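So the structure is just underneath, and the comments pick up after that.
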Amino acid sequence: MVKAIRVHELGGPQVLKWEDVEIGEPNEGEVCVKNKAIGVNFIDVYFRKGLYYKADTMPFSPGFASFPSSEMWEGLTSSPLFEGMEACGVVTVVGPGVTGRRVGDLVAYVGTPMGSYAEEQILPENKVVPVPPSIDPIVAASILLKGMTAQVLLRQSFKVEPGHTVLVHAAAGGVGSLLCQWANALGAIVIGTVSTKEKTAQAKDDGCRHVIVYTEEDFVARVTEITSDNGIDVVYDSVGKDTFQGSLASLKTRGYMVSFGQASGAIDPVSLSALAAKSVFLTRPALFQYTAARDKLLEVAAEVFANVASSVLCVRVNHKYALSHAAQAHADLENRKTSGSAVLIIP
Ligand SMILES: NC(=O)c1ccc[n+]([C@@H]2O[C@H](COP(=O)([O-])OP(=O)(O)OC[C@H]3O[C@@H](n4cnc5c(N)ncnc54)[C@H](OP(=O)(O)O)[C@@H]3O)[C@@H](O)[C@H]2O)c1
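All the letters of the sequence shown, read from the start, carry residue numbers -18 to 328 under the numbering used here.
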């Protein structure tokens, strides 16, 4: 038996239950990982609340609304939900046929099968990536999913180049902090938005040339002013409902709208004519579709870890909680009380 956080009914942070679970032994091609640290991500909140389930299906059934046909949602057919999509730990058992991993290896993983909010997890060997010895497990669990997301956004969805003007919403958040640092290192002029004055300092430290407190100022007007009416090359919008229209309005002609999250709620339907007004490009990337192939997963993870080692990325592990206190971590994340990364620790 191991301890794990599971969800039996969708709802607020209180539905995260600390329970004994039987995980069994690794089968062919699987490894058992004893977790040391577990990344907390906004996607965990979406799953806990049921954002990714159709309203007319049972919780945890495969009636998945937003991403209709991806194998990344395997494992969601069972009830209850095993929460969590990211962790770093040590391989303790290898199943038959495993050739690439050995007992004692430090590894990290993101995505499915879900269930990283646990003391131990069984995973296919091809889902785990090696963690360089120079990287602390808490740092690895704080950066892998968020850093890989930043890699996909800045290097693949839209390729940021020196001189581009980039708008990053929630610039002091987990992904936002890394986006700002990395875009700045790529030579972009970074404009960040944050909800409070307290979050401004971190965004500036992370390379934002301009920081807009978007709860107090009209960010579209400020972007227009900053860019002398030219607009921005690209916006990375994870806030969704509250910012989407303003983000579109902030773009220059033929600019790129990269919508990758919805922390404030689901985005209203978008009309093609809204895009035609400035011939803008719209993409809605999902990390796991960029890293589904094993070679891509390894390549993107290695680039993230290399950027940590070379100090291009400074991981802000601003919030640590015991695994059993995952509900508090969720409450803080949802209530915009966090900045940088939140991580669950197993002593
Ligand atoms: N597409 C993908 O593959 C992918 C992968 C990873 C993450 N994501 C997305 O990236 C975003 C950031 O994830 P994260 O884990 O790093 O979280 P986070 O940015 O640390 O936390 C979310 C932030 O969103 C902002 N926010 C704005 N309106 C909000 C509202 N109504 N409720 C709560 N927060 C609000 C808050 O920053 P302020 O207080 O400064 O406004 C908050 O700190 C999420 O939307 C997530 O879904 C997408």
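Beta carbons are placed, not taken as given, at the ideal position from N, Cα and C, and that holds for glycine.
Please read these numbers as outputs of a predicted model, since none were measured by experiment.
| Query | Result |
| --- | --- |
| Thinking C-beta only, is V2 closer than 7 Å to H311? | no |
| Can you say whether K35 is buried or exposed, counting buried as having 16 or more other CB atoms within 10 angstroms of its CB? | Caution is warranted here: a pLDDT of 42 is assigned to K35, below 50, making its placement in the model unreliable, and the coordinate value is therefore given only provisionally. So K35 counts as exposed. |
| Alpha carbon to alpha carbon, how far is S138 from G144? | 18 Å |
| In terms of DSSP beta bridges, what is Y90 paired with? | A68 and V109 |
| Would you check if the distance between the CB atom of P77 and the CB atom of R(-13) is smaller than 7 Å? | no |
| For D276, count neighbouring C-beta atoms within 10 Å of its own C-beta (all shown protein chains included) and say buried if the count is 16 or more, exposed if not. | exposed |
| With a cut-off of 8 Å, do at least 3 Cβ pairs link the region 143 to 161 to the region 308 to 326? | yes |
| Taking contact to mean 3 or more Cβ pairs, one atom from each stretch, closer than 8 Å, check whether the region 105 to 112 and the region 127 to 138 are in contact. | no |
| At the level of alpha carbons, what is the spacing between P224 and D218? | Note on residue identity: the sequence assigns Thr, not Pro, to residue 224. The straight-line gap from Cα to Cα measures roughly 7 Å. |
| Take E101 as the anchor and find which of A18, K30, K140 and R82 has the nearest alpha-carbon. | A18 |
| With 16 as the cutoff for other CB atoms within 10 Å, does P328 come out buried or exposed? | exposed |
| Starting from C189, follow its DSSP beta bridges and name the residues at the other end. | V171 |
| Can you tell me where the beta strand (DSSP E) holding L216 begins and where it ends? | In the sequence on display, residue 216 carries Val and not Leu. From DSSP, the beta strand (DSSP E) with V216 extends over I213 to D218. |
| How many Å lie between A267 and V239 at the Cα? | 11 Å |
| Look up G20 in the DSSP assignment and give the residues it is bridged to. | V324 |
| For H(-11), which of A166, E64 and T208 has the nearest alpha-carbon? | E64 |
| If I follow the unbroken alpha helix (DSSP H) through S231, where does it start and stop? | F225 to S231 |
| Taking 6 Å as the cut-off, is the beta-carbon of V215 closer than that to any non-hydrogen atom of ligand 1? | no |
| Compare the Cα-Cα distances from S123 to each of Y90, D210 and N165 and report the closest residue. | Y90 |
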